[in-house]
Amino acid sequence: MKDTGSGMPAEVIARAFDPFFTTKEVDQGTGLGLSMVYGLVQQSGGQVHIESTVDLGTTVTLYLPINRDGTSQVVADVAMPRIETGQNKMILVIEDDREVREVAVTMLQQLGYQVLQSDIGADALDLIAEVEQIDLLLSDVVLPGGMSGRALAEAARNHRPGLKILFMSGYARDAFDADGRPDPGDDLLPKPFRKADLATAVRRALDS
């Protein structure tokens, strides 16, 4: 992947994959997209390399393992537990950060789930009203458009009282009450997360 943008100085390159590091303005990005891409590539046995020159642009190269013998080969996440996944379950992902959303969707699809996605609560509610099967709502806590993840969950349960909810957030306590305790039924998946973390959290939420 290559662009002809403003490029990055060495000190930015050194931190590009750090969780929550961003050069964007406040409310313009979480700094989680590249860190989750990096984690996904590493789980696949690969590496990511950045070359960048200020005022000339940036090249990001992904190195992934190649299976040369024609047989099926799976590079396992060493921390991946044995968890039942997929089972024709449909998950609706709501996340306004495009990179984070795409990584989460890819991970879920690799785990065998069917996935719908949205970046704002209002569109997610439309999907909840229109789509017959949605088994789990996986939502960021902080969303744009005037509807938080908590408000979305409450509205979604008005449509579907039995809908399972799993929140994800880069801020460990922002899905909790003032006393730090989660509301009944509120599970929280901290970001950034590995596929093993996502698999465990989703399975626990579906089984709750």
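In my numbering, the protein residues as written are 26 to 233.
Heads up, the beta-carbon is just placed ideally off N, CA and C, and yes, glycines get one too.
All figures in this text were calculated on a predicted structure; none of them were measured in a lab.
Outcome for residue i when other beta-carbon atoms lying within 10 angstroms are tallied against a minimum of 16
i: G30; result: exposed
i: D151; result: exposed
i: I91; result: exposed
i: K27; result: exposed
i: A226; result: buried
i: Y88; result: exposed
i: D160; result: buried
i: P34; result: exposed
i: T83; result: buried
i: V187; result: Reading the sequence as shown, one finds Gly at residue 187 and not Val. With fewer than 16 Cβ atoms within 10 Å of its Cβ, G187 is classed as exposed.
i: L177; result: buried
i: A181; result: buried
i: E157; result: exposed
For residue i: DSSP bridge partner residues
i: P215; result: S194
i: E76; result: T84
i: K27; result: T84
i: K189; result: L161
As assigned by DSSP and simplified to three states, the class of residue i
i: D165; result: strand
i: D160; result: coil
i: D222; result: helix
i: I91; result: coil
i: M61; result: helix
i: G174; result: helix
i: A41; result: coil
i: G146; result: helix
Distance CB(residue i)-CB(residue j) smaller than 8 Å
i: M141; j: M115; result: Looking at the sequence provided, one finds Leu at residue 141 rather than Met. In contact: L141 and M115 (Cβ atoms closer than 8 Å).
i: I190; j: L168; result: no
i: F42; j: S69; result: no
i: G64; j: R219; result: yes
i: K85; j: V66; result: The displayed chain sequence assigns Val, not Lys, to residue 85. No. Outside cutoff.
i: A20; j: G170; result: Because the chain spans 26 through 233 in this model, residue 20 falls outside it and cannot be assessed.
i: M193; j: D165; result: yes
i: A149; j: L223; result: no
Practice item. Write down every uninterrupted run of the alpha helix (DSSP H) in the segment 111-144 whose length is 4 residues or greater and which is fully enclosed by it, in chain order. Key: 123-135
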